[in-house]
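Top line first, the protein sequences correspond to chains A and B.
Per the working numbering, the very first residue in the first sequence carries number 931; after that it's consecutive.
Per the working numbering, the very first residue in the second sequence carries number 931; after that it's consecutive.
Ideal Cβ positions, reconstructed from N, Cα and C, are used throughout, including at glycine.
Owing to the predicted nature of the structure, the values given are computational and were not obtained by experimental measurement.
2 protein chains.
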Amino acid sequence: MFRIGEFSTFTRVSVKMLRHYDEIGLLKAGFVDPATSYRYYTADQLPRLNQIIALKDLGISLEQIGELLRTELAPTELRGMLKLRKLELEGHIQREQQRLALLEARLSMLEQPVEGQGYAVVQRSLAPLLVASVRQHVPEVGQPITNLFEELESLVSTHQARAASSPLTLFHNPGYREEELEVEVAVPLKTVIPASARIAVYELPAVPQAACVVYTGSYAHSTTALNALLRWVEANRCHVAGPLREVYLRFGADDPDSLRLPPAFLTNDSEQFVTELQLPVQPHT
Amino acid sequence: MFRIGEFSTFTRVSVKMLRHYDEIGLLKAGFVDPATSYRYYTADQLPRLNQIIALKDLGISLEQIGELLRTELAPTELRGMLKLRKLELEGHIQREQQRLALLEARLSMLEQPVEGQGYAVVQRSLAPLLVASVRQHVPEVGQPITNLFEELESLVSTHQARAASSPLTLFHNPGYREEELEVEVAVPLKTVIPASARIAVYELPAVPQAACVVYTGSYAHSTTALNALLRWVEANRCHVAGPLREVYLRFGADDPDSLRLPPAFLTNDSEQFVTELQLPVQPHT
DNA sequence: GTACACCTTCCGATTATGGGAGAGTCAAGG
DNA sequence: CCTTGACTCTCCCATAATCGGAAGGTGTAC
């Protein structure tokens, strides 16, 4: 039987935390003196505590750990989780690196004078466009969207209905933009093809007036371009009248004629990409 | 001028957060209607917000970001921070992997029956030992300790005072073990050498009774060994009477005779290491 | 002119963790 | 046997960044 302080020094878990684990039932003290309420721990409890801190280091919340330990998890299960977590961690690292790239773009933005960032914003109208599209909530722009494009393109190609213009993404104002991002990825069609539950086939409405800007380079630069767009909108005293569209004019540098490659977001070697942002606007108020 | 919701959708910062940033003065709304308290944002504020989220993604707290932006940071400075952060991130990744290794050890512990974990705990006495030592708070076991050993060994070798026994670490109960770990790393001496402010030279007291266990392999296994030790202490109804000692009997597999290599913690290829844990105990109560 | 989307403030919750107050307990030494 | 000092108890509060919700006011489009 060890007192809480001793147990704390050997397990390197703070007294506060041991008490906390006791409270939430994650690791109850082995014995509690009914007279003094002193907690006493036994060596038998060490394995469980070790499990707990191992799982905690895996990034699992205490609540989930409690559930896991309640089910007396088989070692193989743990192994599996370990592997899974390892993968997850690697993916995490990758995403971190992407973030760094994006961030680099954001920072480089600051190095130039804020005003003339060299983005030529033009106002024009957008023609209606027959498309096949998937609309979906995604946690963030990137891989998921590329996957959606792959799905769409493969479907459309089986019907040989692909029109020779660029694929695009529409960013729908998702409620008040808490939580997730609602995107609609769309590829142009020359003929109507059967829709499905997931995939809609319809005509994107014409837009009488849109502020448009073309940017080159990876997705990381889109922030800057959007910035220019909004600045234009403000300067011209219009207001936004529809979801932002992002049109992938050129992507896949080696194969500029192929429209069938989905855009590769956030890759490093994407400096040759050409993208247009289109923002529907209405003049005046 | 954009209303908060619109600004939110385009910057992908939630309305709640925009209001929060306004409150704490990180990004004040460009204009607040005095009658309605409506917040209005301008395109001019986009760069600043982009800075904020860039820095936030760097892992910097909002408070610090505020300070940074107040000083109108030079771009080169930002570059530097970026590089720094990148390094930091890589280090972080490395540590994560170490943690995974340690964790693997913890988990594998579970795969064996909890009882006989094959650790032979013996009780014996420890002789007094003249040492040079550094006592210091460290955030975690690992690199810092290795460095301390290097420092000690190099000092001792200039005096040619090294005794031919193993270096060790003492883990002092650091208060109640909140915050940091207080370790004392020590190398044995055959003669007294001058002490300094950092480095103490004295005789470690003899310990009449200590529970000892030898384990092989990397530091990751020490948890298990300590576990066995505490179990023994409990079973033999003694209690702990001093700081835990960790004696590095063999380390640096290629050069078993060299006592001058500091132990390499948490490395992968350390399966040949031999370490003894010694825990001073007192019988009975 | 009414509905509906949007905005406001205020209050509370989250998760893992620690600080501190005020009071009780244990063990060792006088 | 009593004091002392280290230890423990419970309770309350705080953090940082973020969200949820309630109650009430605003703007605008049909």
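Problem set entry | Coarse secondary structure for Pro1074/B, derived from DSSP in three states | In the second sequence, residue 1074/B corresponds to position 144, counting from 1. Three-state DSSP puts Pro1074/B in a helix.
Exercise. On the three-state DSSP scale, how would you describe Gln1053/B?
Worked result: Residue 1053/B sits at position 123 when you count from the first residue of the second sequence. Three-state DSSP puts Gln1053/B in a strand.
For this session: Indicate whether at least one CB of chain B lies closer than 8 Å to the CB of Arg1175/A.
Result: Locating residue 1175/A in the first sequence gives position 245, where the first residue counts as 1. Cβ-Cβ to chain B under 8 Å: no for Arg1175/A.
Exercise. Mapping DSSP to helix, strand and coil, what is Phe1079/A?
Worked result: Residue mapping note: residue 1079/A aligns to position 149 of the first sequence, counting from 1. Helix.
Exercise. Where does Asp1184/B fall in DSSP's three states?
Worked result: As a first step, residue 1184/B is located in the second sequence; it is residue number 254 there, counting from the start. Confidence in Asp1184/B is poor, its pLDDT being 49 and thus under 50, which makes the residue's placement unreliable; the coordinate value appears in the next sentence. Of the three classes helix, strand and coil, the one that applies to Asp1184/B here is coil, per DSSP.
Exercise. Which of the residues in the stretch 1147-1181 of chain B, read from start to end, lie with their CB under 7 Å from any CB of chain A?
Worked result: Thr1153, Leu1156, Asn1157, Leu1160, Arg1161, Glu1164, Val1170
For this session: Report yes or no: is there a C-beta of chain B within less than 8 Å of the C-beta of Phe874/A?
Result: Since the first residue of chain A shown is 931 and the last is 1215, residue 874/A is not available in this structure.
Exercise. Counting only beta-carbon atoms, is Ala976/A nearer than 8 Å to chain B?
Worked result: Start at 1 with the first residue of the first sequence, and residue 976/A comes out as number 46. According to the sequence displayed, residue 976/A carries Leu and not Ala. Answer yes: the Cβ-Cβ gap between Leu976/A and chain B drops below 8 Å somewhere.
Exercise. What residues match up with Phe961/B in a beta bridge as DSSP calls it?
Worked result: Mapped onto the second sequence, residue 961/B falls at position 31. BP columns for Phe961/B point to Tyr970/B.
Problem set entry | is_contact[Glu936/A, chain B] using C-beta, thresh 8 Å | Counting from one through the first sequence, the residue named residue 936/A turns up at place 6. Yes, because at least one Cβ of chain B sits closer than 8 Å to the Cβ of Glu936/A.
For this session: Could you check how far apart the C-beta atoms of Ala1140/A and Arg1054/A are, in whole angstroms? I think they sit under 8 Å.
Result: Reading the first sequence from its first residue, position 210 is the one you call residue 1140/A. Reading the first sequence from its first residue, position 124 is the one you call residue 1054/A. The pair is a contact, with the Cβ atoms about 6 Å apart (cut-off 8 Å).
Problem set entry | Validate contact between the stretch 1072-1081 of chain A and the stretch 1157-1171 of chain A using beta carbons, cut 8 Å, 3 pairs | no
Exercise. Short check: CB of Arg933/A to CB of Tyr970/A, under 8 Å?
Worked result: Against the first sequence, residue 933/A aligns to sequence position 3. Against the first sequence, residue 970/A aligns to sequence position 40. It is a contact, given that the beta carbons lie within the stated cut-off.
Exercise. Beta-carbon separation of His1067/B and Glu1110/B under 8 Å?
Worked result: Within the second sequence, numbered from 1, the residue matching residue 1067/B stands at position 137. Within the second sequence, numbered from 1, the residue matching residue 1110/B stands at position 180. In contact: His1067/B and Glu1110/B (Cβ atoms closer than 8 Å).
For this session: Output yes if chain B places a C-beta closer than 8 Å to the C-beta of Asn980/A; else output no.
Result: Translated into the one-based positions of the first sequence, residue 980/A becomes position 50. Yes - at least one Cβ of chain B is within 8 Å of the one on Asn980/A.
Exercise. Any residues in the stretch 956-973 of chain B with a beta carbon nearer than 7 Å to a beta carbon of chain A? Which ones, in chain order?
Worked result: Thr972, Ala973
Problem set entry | Asn1077/B at chain A interface by Cβ criterion, 8 Å | The sequence position of residue 1077/B within the second sequence is 147, counting from 1. By this cut-off, Asn1077/B is not an interface position.
Problem set entry | When Val1144/A, Ala1150/A, Ser1095/A, Leu948/A are compared against Gln1208/A, the one with the closest alpha-carbon | If you number the first sequence from 1, residue 1208/A lands on position 278. Among Val1144/A, Ala1150/A, Ser1095/A, Leu948/A, the Cα nearest to that of Gln1208/A is on Val1144/A.
For this session: Return the bridge partner residues of Val1115/A from the DSSP annotation.
Result: The count along the first sequence starts at 1 and reaches residue 1115/A at position 185. Answer is Val1064/A, Thr1099/A.
Problem set entry | Beta carbon of Thr1146/A nearer than 8 Å to that of Val1204/A | The residue labelled residue 1146/A in the question sits at position 216 within the first sequence. The residue labelled residue 1204/A in the question sits at position 274 within the first sequence. Yes, these two residues count as a Cβ contact at 8 Å.
Exercise. Which of helix, strand or coil does DSSP assign to His1089/B?
Worked result: As a position in the second sequence, residue 1089/B is number 159, starting the count at 1. Residue state, collapsed to three classes: coil.
For this session: Could you tell me whether the Cβ atoms of Leu1059/A and Glu1114/A are closer together than 8 Å?
Result: In the first sequence, counting from the first residue as 1, residue 1059/A sits at position 129. In the first sequence, counting from the first residue as 1, residue 1114/A sits at position 184. Cβ atoms of Leu1059/A and Glu1114/A: not closer than 8 Å.
For this session: Assign Ile995/A to buried or exposed, taking buried as 16 or more other Cβ atoms, counted over all protein chains shown, within 10 Å of its Cβ.
Result: For the purposes of this step, residue 995/A is taken as residue 65 along the first sequence, with counting starting at 1. Buried is the call here.
Exercise. Between Ala1116/A and Ala1062/A, what straight-line distance do the alpha-carbon atoms span, to the nearest angstrom?
Worked result: For the purposes of this step, residue 1116/A is identified with residue 186 of the first sequence, where counting begins at 1. For the purposes of this step, residue 1062/A is identified with residue 132 of the first sequence, where counting begins at 1. The alpha-carbon atoms of Ala1116/A and Ala1062/A are separated by roughly 6 Å.
Exercise. Taking all protein chains shown into account, do 16 or more other C-beta atoms lie within 10 angstroms of the C-beta of Thr939/B, making it buried, or fewer, making it exposed?
Worked result: Locating residue 939/B in the second sequence gives position 9, where the first residue counts as 1. The residue is buried, with at least 16 neighbouring Cβ atoms inside 10 Å.
Exercise. By Cβ distance, which residues of its chain are closer than 8 Å to His1102/B, with the 5 residues on each side in sequence left out?
Worked result: In the second sequence, counting from the first residue as 1, residue 1102/B sits at position 172. Closer than 8 Å at Cβ, skipping near neighbours: Arg1065, Glu1112, Val1113, Glu1114, Pro1173.
Problem set entry | Neighbour-count burial assignment, Glu1083/B, 16 or more Cβ in a 10 Å radius | Taking the second sequence and counting its residues from 1, one reaches residue 1083/B at position 153. Label assigned to Glu1083/B: buried.
For this session: Could you pull the start and end residues of the beta strand (DSSP E) that Gln1139/A belongs to?
Result: Counting from 1 along the first sequence, the entry for residue 1139/A is found at position 209. Start and end: 1137-1146.
Exercise. The beta strand (DSSP E) with Tyr1132/A in it runs from where to where?
Worked result: For the purposes of this step, residue 1132/A is taken as the residue at position 202 of the first sequence. Tyr1132/A -> beta strand (DSSP E) spans 1129-1134.
Problem set entry | Phe1203/B (DSSP reduced to helix, strand or coil) | Here the question's residue 1203/B lines up with position 273 in the second sequence. Coil, per DSSP.
For this session: Take the Cβ of Ala965/B as the centre, count every other Cβ of all protein chains shown within 10 Å, and call the residue buried at 16 or more, exposed below.
Result: By one-based count along the second sequence, residue 965/B stands at place 35. Ala965/B should be labelled exposed.
Exercise. Apart from the five residues on each side of it in sequence, which residues of its chain come closer than 6 Å, Cβ to Cβ, to Lys958/A?
Worked result: Stepping through the first sequence from its first residue, residue 958/A is reached at position 28. For Lys958/A, where only same-chain residues beyond five positions count, the Cβ hits under 6 Å are Asp952.
Exercise. Sorted by chain position, which residues of the same chain lie with C-beta nearer than 6 Å to Pro1213/A's C-beta, five sequence neighbours on each side aside?
Worked result: Here residue 1213/A is taken as the residue at index 283 of the first sequence, counted from 1. Taken in chain order, the residues that qualify are Cys1168.
Exercise. Taking buried to mean at least 16 other C-beta atoms within 10 Å of its own C-beta, is Pro1210/B buried or exposed?
Worked result: Taking the first residue of the second sequence as position 1, residue 1210/B is located at position 280. With 16 or more Cβ atoms within 10 Å of its Cβ, Pro1210/B is classed as buried.
Problem set entry | Neighbourhood of Ser1096/B by C-beta distance below 6 Å, restricted to the same chain and skipping five residues each side | Taking the first residue of the second sequence as position 1, residue 1096/B is located at position 166. Once the five neighbours on either side are set aside, the close Cβ partners of Ser1096/B are Val1177, Tyr1178, Leu1179.
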